[in-house]
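Participant: If you're matching positions, the sequence shown starts at 0 in numbering that gives the first Met the number 0 and goes up one per residue.
Please read through the structure below; I'll follow up with questions.
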Amino acid sequence: MSFDTLGLSADILRAVSEQGYHEPTPVQRKAIPVVLEGKDILAGAQTGTGKTAGFALPLLQRLSANPVNNGHDGRRPIRALVLTPTRELAAQVGNSVQTYGRHLSLQFAVVFGGVKINPQIAKLRRGVDILVATPGRLLDHANQKTLDLSHVEILVLDEADRMLDMGFIHDIRKIMAMLPGKETRQTLLFSATFSSEIKQLANRLLNHPELIEVARHNMTAETIEQRVHPVDKNRKRELLSHMIGAHNWRQVLVFTRTKHGANRLAQQLEKDGLTTTAIHGNKSQGARTRALADFKNGKVRVLVATDIAARGLDIDQLPHVVNFELPNIPEDYVHRIGRTGRAGNEGEAVSLVCVDELKLLRDIERLLKRELPKEVIEGYEPDPGIKAEPIRNGRNGKSHSQSRNQSRSQNPGRSSTKRSADAPRKSRSNRSEEKQTQAKPAHRHVKSGKPQAKRSPHPGRVQEIPALLGGGFRDE
Ligand code: AMP
Numbered sequence: 000m001s002f003d004t005l006g007l008s009a010d011i012l013r014a015v016s017e018q019g020y021h022e023p024t025p026v027q028r029k030a031i032p033v034v035l036e037g038k039d040i041l042a043g044a045q046t047g048t049g050k051t052a053g054f055a056l057p058l059l060q061r062l063s064a065n066p067v068n069n070g071h072d073g074r075r076p077i078r079a080l081v082l083t084p085t086r087e088l089a090a091q092v093g094n095s096v097q098t099y100g101r102h103l104s105l106q107f108a109v110v111f112g113g114v115k116i117n118p119q120i121a122k123l124r125r126g127v128d129i130l131v132a133t134p135g136r137l138l139d140h141a142n143q144k145t146l147d148l149s150h151v152e153i154l155v156l157d158e159a160d161r162m163l164d165m166g167f168i169h170d171i172r173k174i175m176a177m178l179p180g181k182e183t184r185q186t187l188l189f190s191a192t193f194s195s196e197i198k199q200l201a202n203r204l205l206n207h208p209e210l211i212e213v214a215r216h217n218m219t220a221e222t223i224e225q226r227v228h229p230v231d232k233n234r235k236r237e238l239l240s241h242m243i244g245a246h247n248w249r250q251v252l253v254f255t256r257t258k259h260g261a262n263r264l265a266q267q268l269e270k271d272g273l274t275t276t277a278i279h280g281n282k283s284q285g286a287r288t289r290a291l292a293d294f295k296n297g298k299v300r301v302l303v304a305t306d307i308a309a310r311g312l313d314i315d316q317l318p319h320v321v322n323f324e325l326p327n328i329p330e331d332y333v334h335r336i337g338r339t340g341r342a343g344n345e346g347e348a349v350s351l352v353c354v355d356e357l358k359l360l361r362d363i364e365r366l367l368k369r370e371l372p373k374e375v376i377e378g379y380e381p382d383p384g385i386k387a388e389p390i391r392n393g394r395n396g397k398s399h400s401q402s403r404n405q406s407r408s409q410n411p412g413r414s415s416t417k418r419s420a421d422a423p424r425k426s427r428s429n430r431s432e433e434k435q436t437q438a439k440p441a442h443r444h445v446k447s448g449k450p451q452a453k454r455s456p457h458p459g460r461v462q463e464i465p466a467l468l469g470g471g472f473r474d475e
């Protein structure tokens, strides 16, 4: 099937073909005609499926097909608003809008925190048709009356599940109050996962939506080869360096649970001779942008990231994602590994799992509805004598629960944090990131009675798991 059959205009088709896209991805095939009809959609699209073009192409088409006159203030009214959870994703969506709309005369702006607000105000003043924004900075603008959302015709909530995870629900409610009602606007909601909170949000915001699903919920792209390497916690860094070197991986995205952990690992890998940089919420926006650019252009080989900072990273044909530590929330595993295997490219997602993380691994496998293949690397066999300990996060050593619900109930502030409108936005991502890592310990015990596997004479070689795993890796 080609793009020509979807009802897109010649100018948009030209931009698509200049991008080198030959045929629409499944989410594009399903979403584009429905959005062109003006209907609301609730789309369960995994990251990396081409969902951005799935909403951006028909959005551009609808706006360009119905040009409107300038408003009473002589400016173009904002007709489409795209909300994203992170700055990186906002920038990414902005790039897509620019690319796909290059032959149209629509104006767009991207606004997010961590950078100066004045250039954004100047841009908004000149008038934009499409605004891509993170919720916090959008509210800053709204409070300063530097924008008017009362003419929005199309609202897109991108990665809505992550917005809720990051505690943006109150901001979203405030923003909704500034928009035309759901009967008069078109709303497109994209989410990789469908929790009950997402369903509630969808009920509130969407008007008889068409449900679009391109893969089973919470399933990872089939093009991603996933593997678990059981290894002791204190040998993970060594194993990671070994794997990068032995396989000559040129571009590896590595996930840690905490910002401190990301910094520490980046330093250690540098000492191992691997060019590495870290990206997380404590870094300035400039540092984050630079880190990403250096990683994309091959200046650095390893990018160590926390979950929130990595959200929205779109790196063409990223071949390797490593979970240095498993995420506390199983859905984050899906998001993390979705950074590879994008748009049909092959990718590899490797998880280094120590005995403390077995419960997290089980939660992930439950979500995926399958067991992940496990391979012990020769020379890095886990010591069956090591007992599981509660997972600690951050320098303060707070330990952690492993389920989203636990985390929510134990940390009720998580999704109800109020921030005064003039609070420094810089701390928002930091706080959101911290919020994800505050919960109580998981009380788990792991049996470990079997004899320790012998150190291999051939470190680095992959072995089948049952022979070497021993009792230490079996959770109760
Ligand atoms: P997304 O899921 O929107 O983040 O897109 C993931 C990646 O797929 C991006 O790098 C897009 O440029 C790319 N992409 C989107 N649509 C297509 C297509 N129809 N053919 C090939 N690549 C695409």
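For glycine and all other residues, C-beta sits at the position ideal for the given N, C-alpha and C.
All values reported here derive from a predicted model rather than from experimental measurement.
1) How many angstroms separate the CA atom of leucine 489 from the CA atom of leucine 317?
2) Taking 8 Å as the limit between beta carbons, can you name the residues of its chain near valine 461, skipping five residues before and five after?
3) Go to leucine 103, then tell me how far its alpha helix (DSSP H) extends in each direction, as first and last residue.
4) What's the call for arginine 136, buried or exposed, on a 16-neighbour Cβ count within 10 Å?
5) Excluding sequence positions up to five away, which residues of its chain have a Cβ less than 6 Å from the Cβ of threonine 186?
6) Using DSSP with H/G/I as helix, E/B as strand and the rest coil, what is valine 114?
7) Using 7 Å as the cut-off, classify the Cβ of lysine 50 as near or not near the heavy atoms of the ligand AMP, replying yes or no.
8) Grouping DSSP H, G and I as helix and E and B as strand, with all else coil, what is proline 179?
9) When burial is assigned at 16 or more other CB atoms within 10 Å of the CB, is valine 67 buried or exposed?
10) Just to confirm my understanding: we take lysine 122, look at its own chain, exclude 5 residues before and 5 after, and list those with CB closer than 6 Å. What are they?
11) Pair every Cβ in the stretch 18-35 with every Cβ in the stretch 161-170, then say whether three or more of these pairs are closer than 8 Å.
12) Helix, strand or coil for arginine 369, going by three-state DSSP, please let me know.
13) Which word fits leucine 163, buried or exposed, when buried means at least 16 other C-beta atoms lie within 10 angstroms of its C-beta?
14) Under the DSSP definition of a beta bridge, which residues are partnered with leucine 82?
15) For phenylalanine 323, does the three-state DSSP call read helix, strand or coil?
16) Does the separation of the CB atoms of glutamine 106 and valine 127 fall below 8 Å?
17) Drop a sphere of 10 angstroms on the beta-carbon of alanine 9, count the other beta-carbons inside from all chains shown, and report buried for 16 or more, exposed for fewer.
18) Does the distance from the C-beta atom of glutamate 224 to that of glutamate 324 stay below 8 Å?
19) Kindly list the residues whose CB is nearer than 6 Å to the CB of tyrosine 379, restricted to its own chain and excluding five residues on each side of it in sequence; keep chain order.
20) Taking the Cβ atom as the reference point for each residue, do aspartate 157 and threonine 83 lie within a distance shorter than 8 Å?
21) Measure the CB-CB distance between threonine 85 and threonine 133 and report whether it falls below 8 Å.
22) Going by C-alpha to C-alpha distance, which of Ala89, Leu56, Thr4, Val227 sits closest to valine 352?
23) Please classify methionine 242: is it buried, with 16 or more other beta-carbons within 10 angstroms of its beta-carbon, or exposed?
Facilitator: Let me lay it out:
1) No answer is possible for residue 489: it lies beyond the span of the chain, which begins at 0 and ends at 475.
2) Here valine 461 scores only 41 on pLDDT, less than 50, and its place in the model should not be relied on; the value that follows carries that caveat. The answer, listed in chain order, is Glu374, Val375, Ile376, Glu377.
3) Note, leucine 103: premise wrong, no alpha helix (DSSP H); not H, not E.
4) The residue is buried, with at least 16 neighbouring Cβ atoms inside 10 Å.
5) The residues are Asp39, Leu154, Leu204, Leu205.
6) Valine 114 carries a coil assignment under DSSP once its states are collapsed to helix, strand and coil.
7) Flag set: Cβ of lysine 50 near the ligand AMP.
8) Looking at proline 179 - three-state DSSP - the assignment turns out to be coil, as it is neither helix nor strand.
9) By the 10 Å Cβ count, valine 67 comes out exposed.
10) Ala108.
11) These segments do not touch.
12) It is coil, neither helix nor strand.
13) In this structure leucine 163 is buried. Its beta-carbon is surrounded by 16 or more other beta-carbon atoms within 10 angstroms.
14) Note: leucine 82 sits in a beta bridge opposite Ala132, Leu156.
15) If DSSP states are grouped into helix, strand and coil, phenylalanine 323 belongs with coil.
16) In this structure, glutamine 106 places its C-beta atom within 8 Å of the C-beta atom of valine 127.
17) With fewer than 16 other Cβ atoms inside 10 Å of its own Cβ, alanine 9 counts as exposed.
18) No, the Cβ-Cβ distance between glutamate 224 and glutamate 324 is not below 8 Å.
19) The answer, listed in chain order, is Val230, Arg234, Leu238.
20) Their beta carbons are under 8 Å apart, which means aspartate 157 touches threonine 83 by this criterion.
21) For threonine 85 and threonine 133, yes; Cβs fall inside 8 Å.
22) For the residues Ala89, Leu56, Thr4, Val227, the minimum Cα distance to valine 352 belongs to Val227.
23) With 16 or more Cβ atoms within 10 Å of its Cβ, methionine 242 is classed as buried.
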